[in-house]
Structures are given as C-alpha cells and as structure tokens.
Amino acid sequence: MELTHYHIDQTFDFKGSFDMPSRCGLKISQKGEKTIVIVTELYKENPGTTITSVTCSLAEQICEAFQIQPKQMIYLECAPGMNSKLNFYDEVYYLVQFDIEDNKLINPKWTQLDDYEKSIYL
Amino acid sequence: MKFKIIYPKWRKLEGQTTFNLPPHGPVVMAASLPEDVEVSFTDENVEELNFDEAVDFVGISMMLTVQIKRGYEIAKIYRDKGIKVIFGGISTMLHAEETMLHADSIFLGESEGRMEEVMNDFKKGKLKKVYNFLNEHPPIEWVGPARRDLLNHSLYNHKGVQMVDLFHASRGCRFSCYPCAVSYLGGRKFRARPMDKVVEEMAGIQNNRLFIVDNSLAQDHEWVAELFRAIAPLKKKWISHTIADDPKILDLAAKAGAWYVYQAVFDTSDFIKERIKRYHDHGIGVEGTILLGLDDQTEDDIKRLIDFLLEINLDLAEFTILTPFPHTKVWDDLYRQGRIFDKDWNNYNAGQVVYQPKNMSPEKLQELYQYAWDSFYKDESQELKMFKLFTQVIMKEMEDGTFVPRKRELANQSFGKQVIR
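Here the protein sequences line up with chains R and X, keeping their order.
Read in order, the letters of the first sequence correspond to residues 6 to 127 in our numbering.
Read in order, the letters of the second sequence correspond to residues 28 to 448 in our numbering.
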C-alpha cells in the first residue's frame, strides 16, 4: 500500500520512545500570527516510534528545531491514506491541543477534523 | 552465578481448548547468555514457581500484555528479598515505561551479543536501569540455536501427544499491518538467518512437529523458496503464518512439510475464498484468524463473515476481538479518538472488548464474539476439527516414515497435570 503524501514538504527526524530514531512528514506554514504544523505518520518509512505515541515530545522537538512558540502553534497530526479498500487506512487529520506547563507540552487532546475544518487549516 | 528466567502465567480464555506451547523468547535469549552463567527456567503456565530456589539474579521474560501484571507481582516478591530483577521480551518493549517502575532493569531489543555486558554490570553491582538496543539489531548470523534443553518437554504434552516446538528462520517484517506491533519490535527490515544455521538448528530439534514463528513467509519469495528447498530433506511437519500466494512456493511448502497455516480472513471476497482453496489444493490446512470489531464491521457483516467461513471449509477458525496494543496503528487511532475505556492489561487478551466499537456497543461486540465461536463450531466441535487436522499430519508422517507414536507413559497427563483418559 502506497501512502498519500499531500501535506509533506520535508521529512523530520525525531527522537521517539527511548530515543529511538524516528521519522515523520512535516509541513510548516504561516497563517497570520499562527504557525500551522502538519505532522504526518510515515508508517513503513518511519523506522521508529509513531507520531501519536510521543506527541508532546515530537511537538516540542519541532518547536525547538524551527523556533516556533508553542502558544502560536496549531498542531495537526495526519494519518495518511494508504490507498486501501479498508477504511481504517483512509486519510484522517486531527487537531492536537496541549496544555503548557513550565514551557512543556502536556495533556494532548485530539479532535478529528471534518471537511470544513480541514479547509480552514490545510 | 545463577540466573533464573521466569515466564509468567496468564489467565486463559474461557470456553476454548487450552494448549501450552513451549515458549520461544526465553530460550532464544538464554542462548545469548555467557557460558559461565548457570541458568534455570520456569514457565508458570505449566509448573509452580518456587520462590525459595536459591538464585542470584532473576530475568522475567514476557511475550503477552496479559503477562505483565503477573510479571510485576513476581518481581516484587524477589525484589523484597533483595534479588535484582531484569525484564525483557516483547511486552516489556511494548510497556517499557511502566515496566521500569517494577524492575531493577529492563532490556529492550534483541539479546545476541549484549548479555555479556548485562551480566558483567550485574556482577559489578552496576546494573543499568535500561539496556536500550531497540534500534540496534545484532547481526542476524549471531542468532544461535535456542536453548531448548532448558525446557521440561514432558510439561508440553497433552495425553502423550507432544506439542510443537517453536522455531524461527528470520526476524523483522516489511509489512505494517493495522493491529500488529511487529514492525516496531523487530524493525521494518526483513532479516533472514543464514540458511546453513537454520537447517542445522532445525535438524537438531528432536520434535518432528514445529511451529515456524516467523512473522510472515510471504516477505521474500526467493528466500522462502530457498528455505523450503533447504528444510525439505529434514521431513519436519510444521505450522506457520501466511505463506506467499504463489503456486510454485505453495508447492515447495507442501514438499517441505507445511501442515497448516494461520491465515487472516478479513472479508468475504472471492480473493479470500480462492486463497484458502489454493492452500487446500496443495494439501495445506488453514486456520483462519478472524478479527472482530473493526470500524468497517457491522453486526450483519460479522454474521455474514461467519457464514462465509463455513462455506469456504476452513479447517479451524480463531476469533479475536480487535485489541489496541501499544505501538500499533489501532492504538494510535483509538487513543486519539478517546475510545479506549479499559486499561487493565489483564483484559488485553483479545477475547475481551476494551474499546468502544464504531458500529455497535461493547456488549454487542462481546456477544458477537461468543456467537462467532459457537456458530463456527456448532456442527463440529473445536476438538473434532483439531483431531481431523491432527490426523492429516499423522498420515503425512506415516507416508514418509517419520511418525512417532504418542508417549504412553504420559497418556494420563495434560501439561503436567494428572487427567482421566
């Protein structure tokens, strides 16, 4: 199954669980004062941890690498389509919202985006 | 220095025929221990663990999520006595952060070439909290013959019939299937053991019946054809996961002793029907593995699927409820959607609903799971279907002169316990 790669400008190498070398797709864009970060799971092309199992740490690593203020960030997770007839491989986007404590991102909450919301962010 | 390896027990699923197979992970790991380490092994599923046995260091090997809470209990007893405990194995890797809270040390990854360091650190009193080799797979040629001598084989015997021995010829998986964590555990690169070592180890196993536990025998057609040609002269009979869907390979598999395969059945398509037929045409039995509770399944879909299984003459069927094990796409999807309501790892046995299904209530899915088992085995019980499959292997063994009669002295025992014949 081939992945759909609609919103990837670059790949980003990050430290996963127990520092496992891991890789995701990444697109960063500016919308007014907000920085929209789209992080895409790469499945077979990701040798390590999934983007969801280390969401907070990954978001912090991206903020640090690209000098993004967490408060100004809109963070989206994408599980790309795998061109399969099985619907659990369909493309899906989530808005992830964090609490910020001592400059650390905690308590991630995922909200799946509908088509209207996708049109706003993507 | 005496190192005790323990394989924790778990609660078996109700209403199903219970079989205890000899564990593979602990004996593969034991093969990588330095020669001066004296090893003993207890599989709690078939024998009592003697906490009074004199040991210096304890290793708890856990394969399944349902083993981990018992693993923690065992660790506490030893640690309260001042004995250091290290955890390893698949479910240690899946639940690493939590397991660390119950351990003096955890080992992540594959053990070949690494146990010298662990044992030296232990001897020096400098055991590390984590030995992390998740992303550093040892050279595959370092995998030695498993220490099956540590197993008490008479405990893996049901009324005189010896259970299969487990064996592996490769590691890693290039596929990334929805409910599976193998690509996280063993890496996404298929790694085949050297063929001469595979043949040498297999030839050295006394048991004529094996379970080749490689993640898939469909990853590299050329290699799998070579494997089947190489092991055919050994005349072993074996079970495996999926075999490549290629008539030439299926032919070679049959000649190499393929007894039956575990094959996922995920829909009612002609493709699946033909896939099963192709195995049967080559004399290979099929145990269908059927996952219930996927987001695209309704109650009607599940009922239709069960009717379909009966139509396609599966030899056996094993129904499991979708279970979100950590480091799988299922976990990510259900976790993000806030649908996982049960985090008691003892319930992650693939027979209990721990999440909110999309198209029905958890109670309805639990009911359909029971309905699936009852309906499939209504006219012919699981025992009878197993007996038929067992007869097939005996026939094959009689044809090529490898049949060994059951052990009469164990006819009144089942997995170490006395039973009435």
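Backbone N, C-alpha and C fix where the C-beta goes; we use that ideal spot for every residue, glycine too.
- Task: Count the other CB atoms, across all protein chains shown, that sit within 10 Å of the CB of R:D104; report buried if there are 16 or more and exposed otherwise.
- Result: Exposed, because fewer than 16 other Cβ atoms sit within 10 Å of the Cβ of R:D104.
- From the DSSP output, read off the bridge partner residues of X:I239. X:F194 and X:S267
ask   = Would R:F19 be called buried (16 or more neighbouring beta carbons within 10 Å of its own) or exposed?
value = buried
TODO: Put X:K36 into one of helix, strand or coil per three-state DSSP.
DONE: coil
Exercise. In chain order, what residues of the same chain lie with their CB nearer than 6 Å to the CB of X:Y34, ignoring the 5 residues before and after it?
Worked result: P50, P53, D70 and S88
Proximal chain R residues relative to X:S203, where beta-carbon distance stays under 7 Å
Y48 and K49
Residues near X:K186 in its chain [Cβ-Cβ closer than 8 Å; skip 5 each side]:
Result list for X:K186: R433, L437, A438, N439, Q440, S441, V446 and R448, in chain order.
- Task: Assuming X:V85 contacts X:Y105 (C-beta within less than 8 Å), just tell me the rounded distance between them.
- Result: 5 Å
**Report entry** Other residues of its chain near R:I73: CB distance less than 8 Å, five sequence neighbours each side excluded
**Finding:** Excluding residues within five positions, the ones whose Cβ falls inside 8 Å are I33, T40, V42 and I67.
In chain R, which residues lie less than 9 Å from X:V145 when you measure between Cβ atoms? Within chain R, no residue comes near X:V145; the closest Cβ sits about 16 Å away, beyond 9 Å.
Looking at X:R175: is its Cβ nearer than 8 Å to the Cβ of X:I232? The beta carbons of X:R175 and X:I232 sit closer together than 8 Å.
*asked:* Taking contact to mean 3 or more Cβ pairs, one atom from each stretch, closer than 8 Å, check whether the stretch 389-409 of chain X and the stretch 157-166 of chain X are in contact.
replied: no
Checklist entry - Buried or exposed: X:T269, going by 16 or more other Cβ atoms within 10 Å of its Cβ? => result buried
| query | Who are the neighbours of X:L135 on chain R, taking C-beta pairs under 7 Å? | reply | F23
| request: With distances taken Cα to Cα, identify the nearest neighbour of R:P52 among R:L31, R:F71 and R:S27. | output: R:S27
In or out: X:V431 buried (at least 16 other Cβ within 10 Å) or exposed? exposed
First through last residue of the beta strand (DSSP E) which encompasses X:N159: That run of the beta strand (DSSP E) goes V157 to N159.
Just to check my reading of the structure: X:I239 and X:S267 have Cβ atoms closer than 8 Å, yes? What is that Cβ distance to the nearest angstrom? 4 Å
- Query: What's the C-alpha gap between X:V73 and X:G214?
  - Reply: 32 Å
Which chain R residues sit within Cβ distance under 9 Å of X:V157? Within 9 Å Cβ-Cβ: F23.
Next item on the list: Measuring only between beta-carbons, confirm whether R:T9 sits less than 8 Å from chain X.
Entry: R:T9 does not count as touching chain X.
Under 6 Å Cβ to Cβ from X:M120, same chain only, skipping five residues before and after it: list those, please.
L135 and L212
Can the beta-carbon of X:K216 be found closer than 8 Å to that of X:R201? yes
Ignore the nearest five residues each way along the sequence and tell me which others in X:I421's own chain have a CB closer than 7 Å to its CB. F430
Put X:V209 into one of helix, strand or coil per three-state DSSP. When DSSP states are grouped into helix, strand and coil, X:V209 belongs to the helix group.
* Give the secondary structure of X:P274 by DSSP, where H, G and I count as helix, E and B as strand, and everything else as coil. => In the structure shown, X:P274 falls within a helical segment according to DSSP collapsed to helix, strand and coil.
Pull up the CB-CB distance for R:V101 and R:P113, whole angstroms please, since I reckon it's below 8 Å.
5 Å
Query raised in the report: Taking buried to mean at least 16 other C-beta atoms within 10 Å of its own C-beta, is X:K36 buried or exposed?
Result: buried
Check your understanding: By the 10 Å Cβ neighbour count, where 16 or more other Cβ atoms means buried, how is R:Q15 classified, buried or exposed?
Key -> Its Cβ having fewer than 16 others within 10 Å, R:Q15 is exposed.
Checklist entry - beta strand (DSSP E) containing X:A285: first to last residue? => result A285 to A291
Can the beta-carbon of X:T295 be found less than 8 Å from the beta-carbon of X:L332? yes
**Prompt:** What does R:G30 touch in chain X if you count any residue whose Cβ is under 9 Å from its own?
**Reply:** Result: empty, since nearest Cβ-Cβ is about 15 Å, beyond 9 Å.
Just how far apart, CA to CA, sit X:M413 and X:D342? 8 Å
Practice task
Note down, in chain order, all residues in the stretch 336-357 of chain X with a beta-carbon under 9 Å from any beta-carbon belonging to chain R.
Solution key: Listed in sequence order: P353, H354, T355, K356 and V357.
Report task. Evaluate the contact criterion for the stretch 369-382 of chain X versus the stretch 86-95 of chain R: three or more CB pairs, one atom per stretch, below 8 Å. Result -> no
Determine the closest residue to X:I336 out of X:D323, X:Y362 and X:W400, with distance taken between C-alpha atoms.
-> Per the sequence shown, residue 336 of chain X should be read as Leu rather than Ile. Nearest option by C-alpha distance: X:W400.
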